[in-house]
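Presented below is the structure to which this report refers.
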Amino acid sequence: MPTNKQLIEKDARYIAKAMKVRYNPMVVDRAEGARLVDADGRRYLDFSSYWSIGHLGFDNQAVRRAVRDQMARTTFAGLVSNVHQPGVELAEKLVELAGGRKDMRVWYGLSGSDACEAANRIIVAATGKRRIVTFVGSWHGTSDGSMAISASPAFNRYMFASNATKAPYPNAYRPPFGGSGRNVTVQCLDYLENYIFETISPPSETAAVFVETIQADSGEVLPPPDFIPKLRALCDRHNLLLVVDDIKVGLGRTGKMFSYQHYGIEPDILILGKSLGGGLPLSAIVGRADILDAPGGFHGFTNSGNAACCAAGLATVTEIERQRLPERAGRNGRYLQRRLKEALGGFDIVGDVRGIGMIQGIELVQDRKTKKPNREAAAKIVFRAWELGLVCYYAGMWGSVIELTPPLILTRAEIDEGVDILARATRDYLEGDISDKAIAPYAGW
Ligand SMILES: Cc1ncc(COP(=O)(O)O)c(C=O)c1O
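Numbered by our numbering, the letters in the sequence shown go through residues 976 to 1420 in order.
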C-alpha cells in the first residue's frame, strides 16, 4: 500500500491545479461513519461531509449493497433512451417527499451544476421568458451556465454573459444596504420589486427567481425567517417561478427533508444534488410537469440518471428517512450551535456563529467592531484543526467563514470532540503557532 507521502507526491505530479481547492494535504484511504482514515492509518473526525455530500457518513452499508446489487444486474443502464427500475422508483420517491402532487416530474443529471444549468434552460424554454433573477453570493455551480447565474466573488472572475440579474441577499450580519440589519428582508425585496423589476428585468420578461434558503458557499448566510415566505409571495404577485436550490442543504441537513419546509411554502422547482447520490454523481430537478415536460427533447447527458447512481440515490433517501436524519440534524444542529457559541464566543475574532441544523458557519473577523473579514484566521484555524484531527473547510464571500457541514449521523460525543478541537485550533492561531509557510500550499477559496 502506498503511504501518504507517496500519494501526495503523485498528486502534485499528476493532478491538475485547475480542479484543486485544498485546505490541507488530507489523503483519504478509507472511512468509518464520520471518521476518515488516511493511508498511514491516522484517523480524523469529519465536519465537512466533503462539501455536504456525505449525509450518511462515508461507509453506509445500504448504499454499498444497493450499488453492488445493481452492478451485478448490469454495469450500465440509462434513462435517456431506456427505462430502469431504480430511476423510476427514485423519481417516485422524490415526488412523494416533495408533496406527492400528481403533476410533478423528475429530471436527472450528474452534478448540481448541470441541474442548475438545465433548470435555467428548461424554464426559459417552457415560459418563453428569457430572464431570471438570482442573488449576490449565490452559488449554483461550475459549468459555464451555472457559473453565469451564480454571483460568488471567488469565481466571478471566470464568468461570462448571463441571463440572470443578481439581487441583494438579506445578510443580517453584513446588511447590503447598511443599517442594523433589522429590515434587511424588506430592503432587499423592495429593491428587487421596485428597482430591478422596474428597470432591467421586468416581470413580463422574467421567468423565475433562483434562491438558496441559506447561502452556503458565501459563508452560511441564513436569511431572516420572513425572507423565503415573502419571496414566494413576491413571485406569486408577478407570476414568476420560485426555484429552490437545495443541492447543498436538501435531504435533511437543515432539520427538514427539504429546506423550504421550514417556511411553509412550496417552490415550483426544487434542485437536488451532492448528497442525493450517496457519494455517486447524481443530481435532480423535481418540479411542475408543465415546466419540466414543456420543452421535451434533450436536456441531459448520455450518462444522466444511470442505474447505479439512481440505486445509490434510492438507498440514500430511504436511509435518511429510516434513520430519521432530518429530525436528528435539527436536534444536533441546535446542540452544535450552542456548543460553538460557548466554546468560541469569548474570542474577539469570532464575529458570528450562525446556521440551521447541521450547517453552521463561524465568521472570522479582525475584531468585532470593524467586522473586517479575517481570511488568514480561517485558513490557519482550519489547517490547525486538521493537524489536530478534524476536517473542515472555509468559504464565504471573503474566504473568512469556517463551514461546518458534518455527516448527519454525528453523535453528541463527536460534536463535543470537534468543537473542542476548533477551540484549541483558535487558541493556537491566536498564540501564533501556525506559520504562513505551513498554509502556503493550501489556497482554499
Ligand atoms: C447550492 C449549490 N448549488 C449548486 C452547486 C453545484 O454543485 P456541484 O459542484 O456538485 O456541481 C453547489 C456546489 O457547491 C452548491 O453549493
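Cβ atoms here follow ideal geometry from the backbone N, Cα and C, with glycine treated the same way.
Where DSSP assigns a beta bridge to residue i, which residues make up the other side?
i, result
"Ser1258", "Gly1084"
"Leu1379", "Gln1335"
"Gln1190", "Val1196"
"Asp1327", "Glu1338"
"Tyr1368", "Glu1378"
"Leu1216", "Ala1183"
"Ile1244", "Val1218, Gly1262"
"Gly1253", "Leu1255"
"Gly1348", "The sequence given here has Pro at residue 1348, not Gly. Paired residue(s): Val1340."
Go through its chain and collect everything with a Cβ distance to residue i's Cβ below 6 angstroms, but skip five positions before and after it.
i, result
"Phe1322", "Thr1401"
"Cys1163", "Pro1143, Pro1145"
"Ala1139", "Ile1107, Thr1109, Ile1124"
"Leu1054", "Gly1062, Gly1280"
"Ala1006", "Phe1033, Asp1034"
"His1059", "Ala1052, Ala1282"
"Gly1252", "Cys1284, Ala1287, Gly1288"
"Gln1341", "Lys1347, Asn1349"
Give me, in chain order, the residues of the same chain whose beta-carbon lies closer than 8 angstroms to that of residue i; leave out the 5 immediate sequence neighbours on both sides.
i, result
"Asp1044", "Ala1286"
"Asp1220", "Gly1087, Cys1091, Ser1113, His1115, Phe1185, Val1186, Glu1187, Ile1246"
"Glu1302", "Gly1230"
"Arg1314", "Ile1390, Asp1391, Val1394"
"Val1328", "Gln1312, Leu1315, Lys1316, Leu1319, Gly1320, Gln1335, Gly1336, Ile1337, Glu1338"
"Gly1254", "Ile1028, Gly1029, Phe1033, Val1038, Ala1287"
"Ala1304", "Gly1227, Arg1228, Thr1229, Gly1230, Gly1332, Met1333, Leu1383"
"Ile1266", "Ile1097, Ile1098, Ala1101, Thr1102, Leu1216, Asp1243, Ile1244"
"Gly1074", "Glu1241"
How is residue i classed by DSSP in three states: helix, strand or coil?
i, result
"Tyr1238", "coil"
"Glu1007", "strand"
"Asp1403", "helix"
"Val1012", "strand"
"Met1001", "coil"
"Met1079", "strand"
"Lys1424", "Coverage of the chain is limited to positions 976 through 1420, which leaves residue 1424 absent and any answer about it impossible."
"Ile990", "coil"
"Tyr1310", "helix"
"Pro977", "coil"
"Pro1204", "helix"
"Ala1066", "helix"
"Ile1414", "helix"
"Ile1396", "helix"
"Leu1209", "helix"
"Asp1408", "coil"
"Phe1358", "helix"
"Lys985", "helix"
"Ala1318", "helix"
"Ala1073", "coil"
"Ile1390", "helix"
"Gly1305", "helix"
"Leu1385", "coil"
"Leu1363", "coil"
"Leu1267", "helix"
Keeping to the same chain, check which residues put their C-beta closer than 7 angstroms to that of residue i; ignore five residues upstream and five downstream.
i, result
"Asp1004", "Val1012, Asp1013, Ala1014"
"Pro1000", "Ile983"
"Ala1009", "Leu1020, Asp1021, Gly1032, Pro1381, Pro1382, Ile1384, Leu1385, Glu1389"
"Ala1126", "Thr1109, Phe1110, Val1111, Gly1112, Ser1113, Lys1141"
"Pro977", "Ala1014"
"Arg1350", "Trp1373, Gly1374, Ser1375"
"Lys1223", "Ser1027, Ala1191, Lys1249"
"Pro1178", "Phe1172, His1213, Asn1214, Leu1215"
"Val1002", "Asn979, Leu982, Ile983, Asp1013, Ala1014"
"Glu1421", "Nothing can be reported for residue 1421, as the shown portion of the chain is limited to 976 through 1420."
"Tyr1404", "Ala1352, Lys1355, Ile1356, Arg1359"
- Cβ pair count under 8 angstroms reaching 3, the region 1112-1124 against the region 1184-1204: yes
- Along the chain, which unbroken stretches of the beta strand (DSSP E) at least 3 residues long are found entirely within the region 1083-1112? 1106-1110
- Query: Should the region 1013-1029 be called in touch with the region 1391-1399, which here means at least 3 C-beta pairs below 8 angstroms?
  - Reply: yes
- Counting pairs of beta carbons, one from the region 1203-1218 and one from the region 1238-1246, are three or more of them closer than 8 angstroms? yes
- Message: Please give me, in chain order, every unbroken run of the beta strand (DSSP E) with length at least 3 that falls completely inside the region 1017-1061.
- Response: 1018-1021
- Item | Complete alpha helix (DSSP H) runs within the region 1121-1187 (minimum length 4 residues, chain order) | 1128-1131, 1159-1166
- Query: When the Cβ atoms of the region 1386-1393 are set against those of the region 1368-1378, are three or more pairs found closer than 8 angstroms?
  - Reply: no
- Counting only runs that start and end within the region 1269-1302, where is the alpha helix (DSSP H) found for 4 or more residues in a row? 1282-1297
- Message: With three or more C-beta pairs closer than 8 angstroms as the rule, is the region 1353-1361 touching the region 1412-1419?
- Response: yes
- With contact counted as at least three CB pairs below 8 angstroms, one residue from each stretch, are the region 1092-1103 and the region 1251-1265 in contact? yes
- Item | Cβ contact check for the region 1158-1176 and the region 1071-1085: 3 or more pairs under 8 angstroms | no
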